[in-house]
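Residue numbers (our numbering): 81 to 678.
Just so you know, even glycine gets a beta-carbon here, dropped at the ideal spot from N, CA and C.
Here the structure is a predicted model, which means the values were calculated and not measured.
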């Protein structure tokens, strides 16, 4: 029989287990109390406090990790950073720098070149404190930021510095050429030049200062020569050496050899210049050739001569003009240039050109110089004055004054000095007789003025003496003094005037030849408006000249124009002159003179 233990039995299905803890004993915690919440929050709070503290401590300082030209300024106040830049950066940046320009090695001082560090702008370029917490965090672990220096530039000073560098760097190209010394020719090798690129050089110096570079390469531009060394050698062998190998014969119109150009003249006239395509071209210089030849071409030429005038038997004779022939030196230089490369012997024909006279016979005849128009003579006794009169008369003799021309005595003779043959003689200065170079020329001026007067020609300017001189016609005389008092007159006729002077001891005559247009009469009026003279006692210190006094007066001279051969008066001109009184001068022992007139 079965028993209960023998019978199988089935266990009941399990019920979901309930939390054995009562609900009121283990309540569920809220999210904000859970540890997983507070761990990240706590970390963020720590970081926030650190971030705020870092910002508070940094304030407005230069951002951490900032450098300028390798000098650390990060974390410093603006004032401290400015001081550090002044002390550590400025001296380093503005130190003199070695510069190289081609083969030249020089030194440039940035400060003297107008370059300086703009400290304020450089610090401004460092920026403000970064707000990014990651950036601030990373700055604790390196990551320096270098700020490029901000420079100020005095453009004028920098340009001047580059100009100074260029003065030591620039070189002109030396063209290849041929040097002729004596009669020997040698080659001169070409040498290229160079030129500093000044704007680019200025930029290079600025960049070197910004980058704190130790040395600077300055850009230069090559200035090559036009002529190559090969061209120089070719010109030497094919032109210079053959040119100096011997003389060149000069042929006349008939083809006969009448002279030659010696090697010395060829050497003196050779010239070389760059030609097309880098060649060196030889030639003969015209002016140098003419100088070197001197009168060697005289056998080929005929000197021209202007038509002129001469007096023979009391009549004017025309000297006919002679047309000449002159050498054409320009054409001769060209011919020689073409002939010189040829081997000796070599010849060239001398090119000739007509050389007509400047004044033809027909032109001289047209001047109408056929008869005597006027003549006047004055006399003198002073030998020194006579010598000066002779010199000036020789200068003026033969002068031709064309119709409408004005004659100036001072302009014609120029300065009358000892170098021109003039000597000391007596002149009147403020009423006294004194010695001066050229004394006596007023005698010639008076003589010429009277020739002008009686020829009926136009008086442009004349100045009578201030004191009457008895050897001159009163009211019809003239004084001159170079550069201040002149005698000038105009040939207002339609024919020319030929001036003849005739000097002999004690007398000077001036004669005008041309065509007579008037008969001239001189009418001298009576003296009037007299003035008394005074007596002066002067110390005789070696140059006192005693003289007698005379009254001053006025006088009028009338020039009356009539037709040639006589007839009614055509017109009249009045010349009024005032003569000052001439003082009596008594020479006395020094110390006994007085200033009172008597």
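- Residue 589 and residue 583 have their alpha carbons spaced roughly 6 angstroms apart.
- Closest option to residue 157, judged by alpha-carbon separation, among 170, 148 and 142: 142.
- Judged by DSSP in its simplified three-state form, residue 468 adopts helix.
- Residue 314: member of the alpha helix (DSSP H) spanning 309–315, first to last residue.
- Inclusion of residue 387 and residue 444 in the CB contact set at 9 angstroms is warranted, their separation being smaller than that value.
- Restricting attention to 342, 440, 433 and 198, the CA atom closest to the CA of residue 324 is found in 342.
- By the Cβ rule, the stretch 365–382 counts as touching the stretch 328–336, because three or more pairs are nearer than 8 angstroms.
- By the CB criterion at 9 angstroms, residue 280 and residue 299 fall inside the cutoff.
- Within the same chain, and ignoring the five residues on either side of residue 516 in sequence, the residues whose Cβ sits closer than 6 angstroms to its Cβ are 507.
- In terms of Cα proximity to residue 318, the closest of 363, 421 and 490 is 421.
- Contact annotation: residue 551 and residue 655 have beta-carbon atoms that are not nearer than 9 angstroms.
- Considering only 243, 502 and 428, the residue with the shortest C-alpha distance to residue 276 is 243.
- Counting the other Cβ atoms within 10 Å of the Cβ of residue 468 gives 16 or more, which makes it buried.
- The DSSP-derived three-state label of residue 391 is strand.
- In this structure, residue 632 places its C-beta atom within 9 angstroms of the C-beta atom of residue 661.
- The residues 596, 597, 598 and 599, in chain order, have a CB closer than 8 angstroms to that of residue 644 in the same chain once the five nearest residues on each side in sequence are set aside.
- DSSP lists 559 as the bridge partner or partners of residue 543.
- Of the residues assessed, residue 454 falls on the buried side of the cut-off, its CB having 16 or more other CB atoms within 10 angstroms.
- Judged by their CB atoms, residue 146 and residue 206 are nearer to each other than the 9 angstroms cut-off.
- In terms of Cβ geometry, residue 534 and residue 460 do not form a close pair [threshold 9 angstroms].
- For residue 324, there is no enclosing alpha helix (DSSP H), as DSSP marks it with neither H nor E.
- Contact check for residue 316 against residue 266 passes: the beta carbons are separated by less than 9 angstroms.
- For residue 627, there is no enclosing beta strand (DSSP E), as DSSP marks it with neither H nor E.
- By the C-beta criterion, the stretch 157–166 is judged not to be in contact with the stretch 250–265, since fewer than 3 inter-stretch pairs fall below 8 angstroms.
- Shortest Cα-Cα distance from residue 202 to any of 311, 184, 230 and 194 involves 230.
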